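Student: Read in order, the letters of the sequence shown correspond to residues 23 to 227 in the working numbering.
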Amino acid sequence: MKHNKFSIILISVVLFMVLGACAGSAASEPLKGTEQEVNSAFSNQVSPVISGDYIVWQDERDGNWDIYMYDMTIGRTESALFKDSKDEVEPAISGNRIVVADNRRGNYDIYMYDIDSEAKIQITSDRTDQKEPAITGDIIVWTDRRNQDTDIYMYDITTKKETRITTDKADQSQPAISGNIIVWKDPRNGNDDIYMYDINTGKES
23 MKHNKFSIIL ISVVLFMVLG ACAGSAASEP LKGTEQEVNS AFSNQVSPVI SGDYIVWQDE
83 RDGNWDIYMY DMTIGRTESA LFKDSKDEVE PAISGNRIVV ADNRRGNYDI YMYDIDSEAK
143 IQITSDRTDQ KEPAITGDII VWTDRRNQDT DIYMYDITTK KETRITTDKA DQSQPAISGN
203 IIVWKDPRNG NDDIYMYDIN TGKES
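1) Label residue 220 either buried or exposed according to how many other C-beta atoms from any shown protein chain fall within 10 Å of its C-beta, with 16 as the threshold for buried.
2) Is DSSP giving residue 64 helix, strand or coil here?
3) Would you report the Cα separation of residue 177 and residue 80, rounded to the nearest angstrom?
4) Roughly how many angstroms lie between the CA atoms of residue 32 and residue 52, to the nearest whole one?
5) Tell me whether residue 115 sits in a helix, a strand or coil according to DSSP, three-state version.
6) Look at residue 215 and residue 194 and say whether their C-beta atoms are less than 8 angstroms apart.
7) What's the C-alpha gap between residue 156 and residue 111?
8) What separation, rounded to the nearest whole angstrom, lies between the Cα atoms of residue 203 and residue 218?
9) Expressed to the nearest angstrom, what Euclidean distance is found between the alpha-carbon atoms of residue 159 and residue 60?
10) List the whole-angstrom C-beta distance separating residue 104 from residue 124, where the pair is believed to meet the contact cut-off of C-beta under 8 angstroms.
11) Taking the beta strand (DSSP E) that residue 161 falls in, what are its first and last residues?
12) Please state whether the Cβ-Cβ distance between residue 129 and residue 151 is less than 8 angstroms.
13) Please classify residue 174: is it buried, with 16 or more other beta-carbons within 10 angstroms of its beta-carbon, or exposed?
14) Can you name the start and end residues of the beta strand (DSSP E) that residue 198 belongs to?
15) Have a look at 119, 138, 211 and flag the residue whose alpha-carbon is nearest the alpha-carbon of residue 192.
16) Name the DSSP bridge partner or partners of residue 73?
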């Protein structure tokens, strides 16, 4: 009996050592892949986002923030997609559509760029700031100051309909979207919580 107990302990120790060695070996192996510099302009490039073969970012090479894109299929940096003396910031991308917050009119509006058609479309026009855009498929969401506090708004590209998602007097921010679900940060209860809105049901939770 003692011999069996000793054997079990010995086997357990050996297995532990073998598994530990394997884990250590796996952890120390370098990642396989290649690293590549996307741009080398002597200025700040920040806020990178990616969808499919397209990398998009905020670029300060001309003294203000513009939006640039890199196409991985051809390995080429495009000319600035949004280039103005004012700032274009906070890019987001889904498929062939890019959305940004654009300050060309003295306040931030949401603009969309269609990569295929090269068309630029102004989504919002209120004189207050609309920022933090996010997009998936045909739906764009953003933060909006038109009601004094910051609310979450939504725009359906297909129907061209704008919808106010939040009405609480607290400042909602950091919207994100996937499929039919919108999420954001919300301090309405005195601390920051995460809220969700289902586009299909029109319900917030």
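Ideal Cβ positions, reconstructed from N, Cα and C, are used throughout, including at glycine. The model shown is predicted, which means the values in this text are computed figures rather than measured ones.
Tutor: Let me lay it out:
1) exposed
2) coil
3) 23 angstroms
4) Summary for residue 32: the model assigns pLDDT 49, below 50, so the residue's position carries little reliability; its value from the coordinates is reported in the next sentence. Roughly 33 angstroms between the two C-alpha positions.
5) strand
6) no
7) 12 angstroms
8) 7 angstroms
9) 26 angstroms
10) 6 angstroms
11) 161–169
12) yes
13) buried
14) 195–200
15) 211
16) 76
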